[in-house]
Amino acid sequence: MLAGSHGCDQDTGMRTCSRMRCEQEPVATVALRYQAWEVVVGDLAPERDPSLLDLCRAHVDGLTPPRGWSVRDERGARVP
74 MLAGSHGCDQ DTGMRTCSRM RCEQEPVATV ALRYQAWEVV VGDLAPERDP
124 SLLDLCRAHV DGLTPPRGWS VRDERGARVP
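Given below as structure tokens:
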């Protein structure tokens, strides 16, 4: 899902949702923390990172973690 040019529209160079066939603009960046069994949702990263997922609002809102995993939403969180 992260390989190739996915996540960037080839015609405009604009970032798109990382979900296959979704051309919506991403609103959040998602990290999968395998050792902690955790999905971390954060503010959209300034630049695309191939190790993370940039998701549109619909895909963030419909996010369902794997069984036994938790979701931590850090959007809007500020580090002191």
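Residue numbers for the sequence shown follow this note's numbering, so the first one is 74 and each next one is one higher. Just so you know, even glycine gets a beta-carbon here, dropped at the ideal spot from N, CA and C.
With a CB to CB cut of under 6 Å and the five nearest residues on each side skipped, what residues in its chain are close to Val144?
Taking the first residue of the sequence shown as position 1, residue 144 is located at position 71. Within the same chain, Val144 has close Cβ partners Val112, Pro138.
Candidates Arg94, Tyr107, Glu98, of which the one nearest Ala118 by Cα:
Residue mapping note: residue 118 aligns to position 45 of the sequence shown, counting from 1. Taking only the C-alpha atoms, the option nearest Ala118 is Glu98.
C-alpha gap between Asp146 and Cys95, whole angstroms
Here residue 146 corresponds to residue number 73 of the sequence shown, with the count starting at 1. Here residue 95 corresponds to residue number 22 of the sequence shown, with the count starting at 1. Spanning the two alpha carbons is a distance of roughly 22 Å.
Name the DSSP bridge partner or partners of Gly149?
As a working mapping, residue 149 is identified with position 76 in the sequence shown. In the DSSP output, where bridge partners are listed per residue, Gly149 has none listed.
How is Asp134 classed by DSSP in three states: helix, strand or coil?
The sequence position of residue 134 within the sequence shown is 61, counting from 1. DSSP, read as helix, strand or coil, puts Asp134 in helix.
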